[in-house]
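Per numbering that gives the first Met the number 0: the sequence shown = residues 0 to 166.
Below is one structure, written out as structure tokens; the observations come after it.
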Amino acid sequence: MPEQEPRNVIIGFAQAVGSMLDGPTTWFKEKIVEPNQKKYPWYHEKLRRVPTIDQCYSDDKVCAFEATEQFKRDKKLDSEILNILRLRFEDCVLYEAPDHMTKCRPLLDIYEKATENWFTKYGDLGGYGTAKTCYMKQKHRMIWERRHGPVGSGMKDAESNTSPADD
0 MPEQEPRNVI
10 IGFAQAVGSM
20 LDGPTTWFKE
30 KIVEPNQKKY
40 PWYHEKLRRV
50 PTIDQCYSDD
60 KVCAFEATEQ
70 FKRDKKLDSE
80 ILNILRLRFE
90 DCVLYEAPDH
100 MTKCRPLLDI
110 YEKATENWFT
120 KYGDLGGYGT
130 AKTCYMKQKH
140 RMIWERRHGP
150 VGSGMKDAES
160 NTSPADD
């Protein structure tokens, strides 16, 4: 090995001060923080599923709170999925122009179906929608469909039990 030149006194002093300041923090990070961190093989924390609002007792406020918090997380996740689908379609339109309507049609169909499903579940709830209001919306929709047929198909005739569109 070739001999190293003697270090400059100023460089040596700066490195000694740097190791005095950085040494304890590096030791704390490597010996205490990193061994105690939870390592996930995914990019977000995977929370356990809690009972939904229809599985909670009517006087169980904690269960209702957990169900509402899970509902809010699910809404955020579904909104992000919808945002990603929209961005994929927009990128496809940008890169596949001028014949983007033929090449990007499958992405548009997926996005429109996802938008329809999102609005069916979360639409008209407002910014302060809870799991209970969403559950009531679903219940009212099921009652409507039982009485009048699928939403958007027109109301059934009261006597013949057929929709006006069938005539």
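The beta carbon of each residue, even a glycine, is placed where N, CA and C say it ideally should be.
Here I52 is buried, its C-beta having at least 16 other C-beta atoms within 10 Å. Contact between A130 and A66 holds: CB atoms are separated by about 4 Å, below the 8 Å threshold. The region 136-153 makes no contact with the region 70-80; the number of CB pairs closer than 8 Å stays below 3. DSSP places N7 outside any alpha helix (DSSP H), giving it a letter other than H or E. Residues C91 and E95 of the same chain have their beta carbon placed closer than 8 Å to that of K102, with the five preceding and five following residues left out of the count. A direct Cα-to-Cα measurement between P34 and Y121 gives close to 41 Å. Runs of the alpha helix (DSSP H) lying entirely within the region 106-150 and spanning at least 4 residues, in chain order: 130-147. By the neighbour-count definition (other C-beta atoms within 10 Å, threshold 16), Y110 is a buried residue.
By the beta-carbon neighbour count (other beta carbons within 10 angstroms, threshold 16), L106 is buried.
Taking all protein chains in view, the Cβ of F88 is crowded by 16 or more other Cβ atoms within 10 Å, so the residue is classified as buried. For A13, the secondary structure class from DSSP, reduced to helix, strand or coil, is helix. Per DSSP, the unbroken alpha helix (DSSP H) holding R87 starts and ends at K60 to E95.
Excluding the 5 residues flanking it on each side, E144 has same chain C-beta neighbours closer than 8 Å at V150, in chain order.
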